[in-house]
C-alpha cells in the first residue's frame, strides 16, 4: 500500500550501484518495502531475487549458512559456506536482499564485500537500521509514509478489525491528524488501528496525544521518530491486561515462529495457567502484537522484531529471562527428541518440515546451553539428536558447524558427548573428510569401550564401516558393518541408522559381485520401511536394488526403482541420494539407446557433486556406472557431441535436473537422436543389444 515514489527511487539506485542499503527506524516498513521492490524487479535479473532474513541469527558464524539457505543451496561438503556462496554466485545475475543485519553489521559487511568482489553479476539490497559503510554503497533512508499513504494503510488495517469502518467527512480530519501524530510509521499505525475494536478514532487520538505530552512535554518537534514508535508500542502495552503484558514479555524468548503448544509450556505458570494461554494469546493477536502465519505445518505465530525487543526489556526488568530461556531450551530439547523418534515412521516428511521451521529456536536452545555453566552436555545432546536434520535433510554444513562447536567444550564422555562424536564422524564421512571422521569415530570408540556404552560403540563401529565402504576397502566394510548390525540386534536397536547399515552392507556385497545377496538385504529393508512408513532410508535401498536390477539386464525396472529413489531423496533435499540416482539413471538412459540424454544427466550430476563432496567419493566401485555410461555415450555420440551434452546438463540446477530425470522415460517413448520419427524400428533395439553384453562383461 503506497510507497510508489520510494519504490521507483530504489529501482533507480539499484541501477546505479551494486550495493544499496535502505535504512530507517524499526517499524518504518523497511521489510515490507524490500519485499515489494524484490517482487517488482525479479524479472530484471535472469537468476531472480533472493531474500535472506537475518534478524533471528545471533551467531555471526551462522550468517553464511543463512545466505546459503536463502539461495536455496544444499552443500554437503566440509568447505566453508562462504566458498559455496562465492562459487554459486560467481556466474549469476541476481539480486540478493539481506534484511535485519544491524546486530551482525561487521560480519555482514565483510561477507557482502567479498561476494560483490567475487560475483560481478550480483547486486545487494541491504535492509537495516544503519549502513554497512562499504565503498560504493548508496544509502537510501526510508522516511515514514506520506499523509495519504499513511491514511490508506490505517484505513486498510482499520477495516480488518472493524469491517464497517470507512473514511468519511466526519472522521477524515481526525484520521489524518492521528496518522501525523504517529509520524506515518506503519507499525505504529497498525497498532493504533487495532484499537478501533473498542475506541473511536477521536478516542484513539486523544489518548495518544495525552501520552505524547506526558513523555515529551508540549513540544511535538522534540519527539524523535524512534520515540514515536516506542510510544505507540508502550501505549499498546499499557492498554493490555496484566496477563497479556506477562505473555508478551515471555514470548520474547522465541526466535522466529512458534506454535501454541510451545507457548503453553514455556510461558505458562502459576500467574498464567496453561489453559488460559490461548485466550491471552488471542488478545495479543487482536492488538497486532502477535501475528498469525498459517503454513503447511499448521498455525504458527511470530512477533515483529521491534515488538519482541520491547517485550524482552520487560522480561529482563522482571529478572525472569534466564528461567524462561531454560524453559525454552527444555521444550526444544524435548521436541528434538520426539522428532528423532518420529523420524523412523510414517510422519517422516512432517518431521523434516517441522524441524526446518523450528531451526531458529533449536539454534537458540543450543546457544542457551553453551552459555549456561555446566550445561554444554545439553548442547551436545541436541546437536547429536538432530542428526536426521543434518544428514537426512541436506544440512551437513550447518550440522558440522554445531557439532564442532559443542564438542569444543570440555565435558565428560557421557552418552551426550559420545552421540555428538559419532554423528560428527558420520557427517565427516559424507563430507569426504576421512581425517575428521577417523578422529571423531576413534575417540567415540575408545571412550565408549571405557565407559561401557554399547550403543555409542555400535554406532561408532557402523560409521567406521561406512568410511571403509566409500574408500573402497570392501572387505573391512563388510566386517565392520556386519559387526555393527550384530551389535544393533543385541541392543534391540531398529531405526533409520540401522537400516542404513544394512543398505551399506548390501552395497559392499554388491560391489563384490554378489548381486543376489545385495538384493536380498535391500528387499528386507524395503519391507521394514513399508511396515514403518520410513522413506529416507528406502530411497537408498531402492538405489541398490536398481543397481542390482540393471546388472541383470533389466533397465526398464531399474529406471522405475531409480525414479522412486530420486523423488524421495529430492523431497528431503538429500543431494547425495539424488546425485547417486542421477548417475545411475544416466547409465540406464545410455543402455536404453539415448546417449545424448545420458550425457545431459551426467552433466547435471557434475554440477551437483561439488556441493556433495568428492565426486563418487573418489571410489572406483561407486564410479563404475559413471565410467560405463561415459564410454557408451562417447562411443555413440563422439567426443564433441558428448561434451556438448555435459555442458547442457551443467546448466541445469538441481531442481531442474531432477524434474528432467523424473519426466524422462525409455528412449523408444521419447523423440531423441536415437529414436526420431522415421527411425527404423529395430534401431534402438539393435543399439541396446550391442550394449548389454558390455554391461555383463563389466560386472565386478
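In my numbering, the protein residues as written are 3 to 702. Ideal placement from N, C-alpha and C gives every residue a C-beta, glycine not left out.
| query | result |
| --- | --- |
| Which residues DSSP lists as bridging residue 511, in chain order | BP columns for residue 511 are empty, so no partner. |
| Alpha-carbon spacing of residue 8 relative to residue 239, whole angstroms | 31 Å |
| Straight-line gap, residue 337 to residue 264 (C-alpha atoms, nearest Å) | 9 Å |
| Segments assigned beta strand (DSSP E), at least 3 residues, entirely inside the stretch 269-314 | 293-297 and 300-304 |
| Nearest-angstrom Cα separation, counted from residue 549 out to residue 528 | 15 Å |
| Extent of the continuous alpha helix (DSSP H) to which residue 476 belongs | 476-493 |
| contact_flag[the stretch 167-182, the stretch 290-309] where n(CB pairs < 8 Å) is 3 or more | no |
| Neighbourhood of residue 502 by C-beta distance below 7 Å, restricted to the same chain and skipping five residues each side | 539 and 542 |
| Status (buried if at least 16 other CB within 10 Å, exposed otherwise) for residue 27 | buried |
| Local conformation of residue 256 per DSSP, three classes | coil |
| Residue 404 to residue 68 span [Cα, whole Å] | 14 Å |
| Three-state secondary structure assigned by DSSP to residue 427 | helix |
| Contact under 8 Å by Cβ, residue 408 with residue 430 | no |
| Residue 331 beta carbon less than 8 Å from that of residue 395 | no |
| Where residue 596 falls: helix, strand or coil (DSSP) | coil |
| Through-space distance from residue 583 to residue 560, alpha-carbon basis | 10 Å |
| Residue 190 versus residue 230 - alpha carbon distance | 8 Å |
| Pick from 575, 546 and 270 that is closest to residue 585, judged by C-alpha positions | 546 |
| Run of the alpha helix (DSSP H) containing residue 717, from where it starts to where it stops | The question about residue 717 has no answer, for the chain in this structure spans 3 to 702. |
| Check: residue 350 C-beta below 7 Å from any heavy atom of the ligand SAM | The ligand SAM is not among the ligands present in this structure, which contains no ligands whatsoever. |
| Own chain, CB closer than 7 Å to residue 572, minus 5 neighbours either side, in chain order | 580 and 660 |
| Beta-carbon contacts of residue 143 that lie in its chain and below 7 Å, excluding the five residues immediately before and after | 25 and 26 |
| Three-state secondary structure (DSSP) of residue 416 | coil |
| Where the alpha helix (DSSP H) through residue 157 begins and ends | 149-163 |
| Contacts around residue 626, its chain only, beta-carbon distance under 6 Å, and the 5 residues preceding and following it disregarded | none |
| Counted within 10 angstroms of its Cβ, other Cβ atoms place residue 393 as buried (16 or more) or exposed | buried |
| Beta-bridge partners of residue 194, as assigned by DSSP | According to DSSP, which records beta bridges pairwise, residue 194 is partnered with nothing at all. |
| Cβ neighbour criterion (16 or more within 10 Å) applied to residue 290 | buried |
| Spatial distance of residue 79 from residue 614 (CA atoms) | 5 Å |
| Short Cβ contact (8 Å threshold) for residue 398 with residue 350 | no |
| contact_flag[the stretch 472-482, the stretch 500-514] where n(CB pairs < 8 Å) is 3 or more | yes |
| Straight-line gap, residue 282 to residue 172 (C-alpha atoms, nearest Å) | 34 Å |
| Element boundaries [beta strand (DSSP E), containing residue 140] | 140-143 |
| Beta strand (DSSP E) segment containing residue 128, residue limits | 124-130 |
| Which listed residue (204, 126, 570 and 530) has its alpha carbon closest to that of residue 54 | 126 |
| Test item: CB-CB of residue 100 and residue 83 under 8 Å | no |
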